[in-house]
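Residue numbers (my numbering): 145 to 518.
Written as structure tokens, this is what we have:
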């Protein structure tokens, strides 16, 4: 039995939190014993406790990666708990505390943003390499872009495992239930519905979706687009849609606690992000056979294979996005093939069970290295 303590410093539930939750839902209880350390009152707690997993709430752990008081608090906890592996989710304080206590450390880098250019050359690159050599035995990258970014900053590729996220399947409605739900939302059975589910931030690409909607309207395409989510860029996106007279074409839902009903009424999901690791929304849609039209940027091409489970468009290019929507809408045969492909790719690559097994393979490598004296 390998004892693993996960450390996450996030107080909200973002990509790292959902990533951890998906592992905790499917880990091998016969081989792995897990616990989680996080800031007191964090939003993840109410999601983790029903899974029967112990959560250590720390007053000294704050919502930041590096924090000296957090190192002290985590060091005390690690000595008390005695894990074989400390697995941190972006928390440098946790890595330092783990090594101070003589533990093996696994670090998952979740961010899709490029590292600071200062780490790409000279002393900055040397510093970044030393930090990751000293404070991580193995590193999990959640996208190829994330892995390549770290390698370009001096981290040995042999130390990094590329593990794309997994996601639990959402419930699929029957055709009758789907039609009824569409009616409740105010849509007709023959409306062609595209939707994007993401925080409304510049890098998530909603503005490109709005511009694509303008192109579609000018081309006489009767498409309706649902934008779900909230964020700092929300007013700008709404104002641009209003300015272009797209009120009858674009609909804003705000934040959705449950995306399953929305995915069930869509004909296609859009992902227009140009900073992405492995999109949970894409995986959730694929679990019910929902095709996607996604930007050919960051982690998206590792999830969406053009022509198999979706279509890729040129990143930050609204015309390219509009062209793909028209292509898919005009070809029922293509739509049927992508539905089948979405289910096939999800079941073979993106279940929580596959994701948990790959993560535990990293734990095995980590413990084998300890046995071999490395």
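We treat Cβ as the ideally placed atom computed from N, Cα and C, and that holds for glycine.
{"Query": "Assigned secondary structure, residue 440 (DSSP; H/G/I helix, E/B strand, else coil)", "Result": "coil"}
{"Query": "Cβ-based burial, residue 413 [other Cβ within 10 Å; buried from 16]", "Result": "buried"}
{"Query": "Straight-line Cα distance separating residue 233 from residue 151", "Result": "6 angstroms"}
{"Query": "Close Cβ partners of residue 244 (< 6 angstroms) along its chain, the five nearest in sequence each way excluded", "Result": "219"}
{"Query": "Identified DSSP bridge partners for residue 227", "Result": "Per DSSP, none; premise fails for residue 227."}
{"Query": "Pairwise C-alpha distance: residue 307 and residue 503", "Result": "7 angstroms"}
{"Query": "Three-way DSSP call (helix, strand, coil) for residue 420 in this model", "Result": "coil"}
{"Query": "Neighbourhood of residue 351 by C-beta distance below 8 angstroms, restricted to the same chain and skipping five residues each side", "Result": "377, 380, 381 and 384"}
{"Query": "Distance between residue 183 and residue 209 (C-alpha atoms, nearest Å)", "Result": "12 angstroms"}
{"Query": "Cβ-Cβ distance between residue 348 and residue 408 below 8 angstroms", "Result": "no"}
{"Query": "At least three beta-carbon pairs within less than 8 angstroms, the segment 271-280 to the segment 389-399", "Result": "no"}
{"Query": "Those runs of the alpha helix (DSSP H) which lie wholly inside the segment 246-275 and span at least 4 residues", "Result": "none"}
{"Query": "Assigned exposure category for residue 357 - 16 Cβ within 10 Å defines buried", "Result": "buried"}
{"Query": "Inter-residue Cα distance where the pair is residue 336 and residue 411", "Result": "6 angstroms"}
{"Query": "Burial state of residue 185 (16 or more Cβ within 10 Å)", "Result": "exposed"}
{"Query": "With 16 other Cβ atoms within 10 Å as the buried cut-off, status of residue 386", "Result": "exposed"}
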